[in-house]
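Residue numbers (the numbering used here): 942 to 1172. Just so you know, even glycine gets a beta-carbon here, dropped at the ideal spot from N, CA and C.
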């Protein structure tokens, strides 16, 4: 089996070396880059299985790099996990809006990083567990195509990240039922999450923005518990 190739982009050399050492111990091939420009040049010839991208980079920052990758046909589907020393919600939301599949705030443990990577790879390779699972789900004017992994509002295709799609999917498959933040974290992230559950809130907020759901027409907040998709 070929090893998965990971590109790490961070101008902090000690962090790159730490990530490279530990990921290679876990069976990955790792290339490191100090700038976004170096990454983009390499992508002209090699496409990795995943990019771990720092937000604060010299020259082109991580958000601009992410936006560039998502705008190109040959790189738009490469999974991206964004690293940031900033913990503010604003920065996390920006990363998600630019198309990052996940984010992790420095300082972080390599164990958590590898767990997040595996969760993203599981979502990419996901197949329905049963043949009885509905292929298309309709919620008002929202259409969720599980096979194509596409979501439409009317005739408009919504640009969801992998994690946003899985979040909407699990809510849709359990429409009318309240799902707690802890349940959503466990089902979607796929591991025991050590941080705050507000990561779910960030993804829900972005979903609502895409769905124009300011009035909670589709996704209802159940105070103190979690969320449910209205029937």
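| Item | Value |
| --- | --- |
| Just to confirm, is the Cβ distance from residue 980 to residue 954 under 7 Å? | no |
| Could you check what DSSP says for residue 1044 in three-state terms: helix, strand or coil? | strand |
| If the criterion is Cβ atoms closer than 7 Å, does the pair residue 1161 and residue 1150 meet it? | no |
| Check for me: the alpha helix (DSSP H) holding residue 976 runs from which residue to which? | Neither: residue 976 is in no alpha helix (DSSP H) and is coded neither H nor E. |
| Pairing CB atoms from the stretch 1091 to 1101 with CB atoms from the stretch 1050 to 1066, are three or more of them under 8 Å? | no |
| Take the Cβ of residue 1025 as the centre, count every other Cβ of all protein chains shown within 10 Å, and call the residue buried at 16 or more, exposed below. | buried |
| Quick one: residues in its chain with C-beta nearer than 7 Å to the C-beta of residue 978, no 5 flanking neighbours on either side, listed in chain order? | 1000, 1001 |
| Quick one: grab the DSSP three-state call for residue 1061. | helix |
| Which residues in the same chain as residue 991 place their Cβ atom closer than 6 Å to its Cβ, once the five residues preceding and following it in sequence are excluded? | 947, 1020 |
| Given a cut-off of 7 Å on the beta-carbon distance, is the pair residue 1107 and residue 1088 in contact? | no |
| Just tell me which of 1125, 1041, 1126, 1127 has its CA closest to the CA of residue 1018. | 1041 |
| Can the beta-carbon of residue 1167 be found closer than 7 Å to that of residue 1114? | no |
| In the DSSP assignment, what residue or residues form a beta bridge with residue 1093? | 1084, 1098 |
| Starting from the Cα of residue 970, find the closest Cα among 1093, 1064, 1052, 943 and give me that residue. | 943 |
| Could you give the residue range of the beta strand (DSSP E) that holds residue 1160? | 1160 to 1163 |
| Which residue wins for smallest C-alpha separation from residue 1050, given the options 960, 1144, 945, 1143? | 960 |
| Measuring CA to CA, which of 1116, 1152, 1062, 1144 is closest to residue 1092? | 1152 |
| How many angstroms separate the CA atom of residue 1157 from the CA atom of residue 1043? | 24 Å |
| Per DSSP, what kind of secondary structure is residue 1001 in: helix, strand or coil? | coil |
| Run through DSSP, which three-state label would residue 1169 get? | strand |
| According to DSSP, simplified to helix, strand and coil, what is residue 1012? | helix |
| Check whether the Cβ atoms of residue 982 and residue 952 sit closer than 7 Å, and answer yes or no. | no |
| Give me, in chain order, the residues of the same chain whose beta-carbon lies closer than 7 Å to that of residue 1045; leave out the 5 immediate sequence neighbours on both sides. | 1022, 1024, 1053, 1054, 1057 |
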